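*Asks:* Let me begin by handing over the structure; questions about it come next.
Protein chains in written order, with my numbering: chain A, 52 to 270; chain B, 196 to 319.
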């Protein structure tokens, strides 16, 4: 049923020692996708891609929302995450296709110009730079200086991956500096909107969306 | 890993690799999965595929069947063809096997249906 959080009962606290446990950022992301349901649906998405899928919760939510008329790829650098994503797909009866890779490196150039819905809940936490680059659970949060090291590495791929009307959704916290991110992506002719914001404990979270401003969004 | 996924993977991230596509493929365990046929999805997806690479991959894992090696010009109206394409693209799941870079022969394992496209720390 649309709008329902995916069943994650197959994952235990033991699993969450090695993969990211869905939290307020995950649920805010789902709320943002639900809020944008009509405009996403109008795209008639063919190819969806989630970078850093973790447990697979977001992708499973997206499939439940949009239905099976698209192919859903997910990537993660952490092998425990890709395995969990397979199981999340199976339990929720949704077809997820996880690939273990660094960001999207195994999917370029083949997916260039094809991605209609591109999702990234990045490691956005400010940490020492030395903590960035791991392949275990720390890869789910370690963002280095300004929490931007990993997402900054991903931004050059966004406009290459997106289809003409494609949309990129990104989770950030205030410290990541959304205005600066908007400026970075505007160099690739992508326009930013804030879909939702929420305060959760110490974090001031936002879901940002990027698309081409001239794109005719009526599919 | 679906053959549709294989069609989107390359090893061009390896230093010195020019194209890295298509990856060689071998399978030691294959699972046939039933996936609902959606003609609209197949029709829209076909022009995005490298059909030659798909047929070669399907053949490598013994599941080419009687899939035509060229997309028929009237494919949108050809439900028989669309269903065959759907089967090969979506229903043949490689559970265990290997992908191989066509330029360096570097092997990438497929385990539990997931291709591991990471390089080792010393290869990066």
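Every residue, glycine too, gets a C-beta built ideally from N, C-alpha and C.
Model, not experiment: these values are computed from the prediction.
Taking the C-alpha atoms as reference points, what is the distance between residue 178/A and residue 227/B?
*Replies:* The straight-line gap from Cα to Cα measures roughly 44 Å.
*Asks:* Under the assumption that residue 256/A contacts residue 245/A (Cβ atoms under 8 Å), give the Cβ distance between them as a whole number of angstroms.
*Replies:* In fact, because the Cβ distance is near 11 Å, the residues do not count as touching under 8 Å.
*Asks:* For residue 285/B, count the other beta carbons within 10 Å of its own beta carbon; 16 or more makes it buried, fewer makes it exposed. Which is it?
*Replies:* Under this definition residue 285/B is a buried residue.
*Asks:* Measuring alpha carbon to alpha carbon, tell me which residue in 70/A, 123/A, 58/A and 88/A is nearest residue 174/A.
*Replies:* Minimum Cα distance to residue 174/A is reached at 70/A.
*Asks:* If you check the beta carbons only, do residue 61/A and residue 142/A fall under 8 Å apart?
*Replies:* Contact flag set, yes.
*Asks:* Is residue 65/A buried or exposed, if buried means 16 or more other CB atoms sit within 10 Å of its CB?
*Replies:* Exposed: under 16 other Cβ atoms inside 10 Å.
*Asks:* Would you say residue 313/B reaches chain A, if we count a Cβ-Cβ gap shorter than 8 Å as a contact?
*Replies:* Yes, contact with chain A.
*Asks:* Along chain A, which residues have their Cβ under 7 Å away from the Cβ of residue 308/B?
*Replies:* Those within 7 Å of residue 308/B in chain A are 137.
*Asks:* Buried or exposed for residue 77/A, please, with buried defined as at least 16 other CB atoms from any protein chain shown within 10 angstroms of its CB.
*Replies:* Classification of residue 77/A: buried, given that the 10 Å Cβ count is 16 or more.
*Asks:* If you check the beta carbons only, do residue 82/A and residue 114/A fall under 8 Å apart?
*Replies:* Contact flag unset, no.
*Asks:* So which residues on chain A does residue 235/B lean against when the C-beta distance must stay under 8 Å?
*Replies:* Those within 8 Å of residue 235/B in chain A are 120.
*Asks:* How many angstroms separate the CA atom of residue 80/A from the CA atom of residue 296/B?
*Replies:* Those two C-alpha atoms are separated by around 36 Å.
*Asks:* By a C-beta neighbour count over all protein chains shown, 10 Å radius and 16 as the cutoff for buried, is residue 320/B buried or exposed?
*Replies:* This structure leaves residue 320/B out entirely; chain B is present only between 196 and 319.
*Asks:* What's the gap between the Cα of residue 233/A and the Cα of residue 194/A?
*Replies:* Roughly 18 Å separates the two Cα atoms.
*Asks:* Any beta carbon from chain A within less than 8 Å of residue 208/B's own beta carbon?
*Replies:* It does: the Cβ of residue 208/B has a partner Cβ on chain A nearer than 8 Å.
*Asks:* Candidates 204/B, 304/B, 200/B and 229/B: which alpha carbon is nearest residue 157/A's?
*Replies:* It is 204/B.
*Asks:* Contact check, residue 153/A vs residue 128/A under 8 Å by CB: the rounded distance?
*Replies:* Yes, residue 153/A and residue 128/A are in contact; Cβ-Cβ is about 5 Å, under 8 Å.
*Asks:* Write down the C-beta distance between residue 121/A and residue 97/A rounded to the nearest angstrom, noting that I regard them as a contact closer than 8 Å.
*Replies:* Sure, about 5 Å apart at Cβ, within 8 Å.
*Asks:* Tell me the DSSP secondary structure of residue 100/A in three-state form.
*Replies:* In the structure shown, residue 100/A sits in a strand (DSSP, three-state: E or B).
*Asks:* Just how far apart, CA to CA, sit residue 197/A and residue 73/A?
*Replies:* So the alpha carbons of these two residues sit roughly 22 Å apart.
*Asks:* Using 10 angstroms around the beta-carbon of residue 288/B, count the other beta-carbons present and answer buried if the total reaches 16, otherwise exposed.
*Replies:* Answer is buried; the Cβ neighbour count reaches 16.
*Asks:* For a contact defined as C-beta to C-beta under 7 Å, what are the partners of residue 226/B on chain A?
*Replies:* Ordered by position in chain A, no residue passes the 7 Å Cβ test against residue 226/B, which lies about 12 Å from the chain.
*Asks:* Would you call residue 265/A buried or exposed, if buried means 16 or more other Cβ atoms sit within 10 Å of its Cβ?
*Replies:* When all chains shown are included, residue 265/A counts as exposed.
*Asks:* When Cβ atoms are compared, which residues of the region 202 to 233 of chain A fall closer than 8 Å to chain D?
*Replies:* Given the protein chain composition of this structure (A and B), no chain D is represented.
*Asks:* Return the first residue and the last residue of the beta strand (DSSP E) that residue 212/B is part of.
*Replies:* Residue 212/B -> no beta strand (DSSP E), and no H or E assigned at all.
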